[in-house]
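Take a look at the structure set out below.
Numbering (the working numbering), first residue to last: 172 to 436.
Have a look at this one:
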């Protein structure tokens with residue numbers, strides 16, 4: 172579903188693809204808000220919707236490439252490049268897209284990983300294996316809520332899963348919460364930046380927020396310290412402290428828009 176302004180100029184507008192994580196289905200709220208701020212935004216589901224697979228099985232980057240090409244041709248999209256914003260699993264997909272798809276010139280990775288997660292990613296003859304989870308590292312609180320923050324394998328032990336970000340020619344914005352309880356997104360962003368620096372790249376920016384959890388949504392979204400996990404069917408911690416998390420959402424929302432306007436025009 173593409174959202175764009177009507178009645179406020181004729182466009183065309185900067186084009187943007189919006190991705191979320193393991194919730195599945197079509198999630199539209201952020202795309203609608205971004206459209207109200209002047210972006211033509213495609214809310215893109217990749218499982219759990221209509222004729223898509225109901226579960227997140229192997230993913231193929233060609234599906235996302237097709238979405239990029241479709242958006243570029245839309246009469247309300249000015250191009251020439253497309254942006255992508257992704258949260259959680261959508262964050263590493265956003266990084267893969269800017270790495271392998273030259274049409275993508277700006278990528279916002281919110282609470283993501285610099286390696287491929289959850290399921291293998293294929294593109295042409297390439298395969299990025301997924302990092303595995305060690306469920307033995309789950310910490311269960313007295314109230315029965317799961318802390319998953321230490322369960323994802325360290326990418327250094329599975330280097331084949333690391334996204335070769337140094338190939339990206341566009342610009343990357345990392346947005347992380349320092350109290351993320353789903354995985355250590357602050358560490359992942361720092362490792363990604365080390366890799367970029369090692370390869371002489373400076374096409375990145377980092378927003379890192381103390382007291383902030385995993386779900387960094389647009390401002391006025393309710394603070395969620397926990398959620399029911401789709402895979403486990405149990406409550407899992409998201410992290411964050413209410414006031415600090417809400418401040419981060421407000422600040423990040425404005426800076427994300429600034430970043431996208433700068434690099435998409």
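By construction, the Cβ of each residue, glycine as well, lies at the ideal position given by its N, Cα and C atoms.
- Residue 405 sits exposed, since fewer than 16 C-beta atoms from the chains shown fall within 10 Å of its C-beta.
- Here residue 387 really is in contact with residue 420; their C-beta atoms are around 6 Å apart, less than 8 Å.
- For residue 313, DSSP assigns no beta-bridge partner whatsoever.
- Along the length of the region 251-315, whole beta strand (DSSP E) runs at least 3 residues long occupy 275-281, 292-294, 297-299, reported in chain order.
- If one requires a minimum length of 4 residues, the alpha helix (DSSP H) runs lying completely within the region 331-405 are 356-369, in chain order.
- Taking C-beta separations shorter than 6 Å and ignoring five residues to either side along the sequence, the partners of residue 331 in its chain run 300, following chain order.
- Non-local C-beta neighbours of residue 223 in its own chain, meaning closer than 8 Å and more than five positions away in sequence, comprise 216, 217, ordered along the chain.
- In this structure, residue 211 sits away from residue 235, with a CB-CB distance that is not shorter than 8 Å.
- In summary, residue 226 is exposed, with fewer than 16 beta-carbon neighbours lying within 10 Å of its beta-carbon over all protein chains present.
- Spatial neighbours of residue 366 in its own chain (CB-CB distance under 8 Å, excluding positions within 5 residues in sequence) are listed in chain order as 285, 333, 336, 337.
- Look at residue 185 here: in three-state DSSP terms it is strand.
- In the structure shown, residue 231 adopts extended strand secondary structure according to DSSP, grouped into three states.
- The distance from the Cβ of residue 349 to that of residue 322 is about 18 Å, inconsistent with a contact at the 8 Å cut-off.
- Leaving aside the five residues that flank residue 206 on each side, the residues in its chain whose CB is nearer than 7 Å to its CB run, in chain order, 174, 175, 176, 212.
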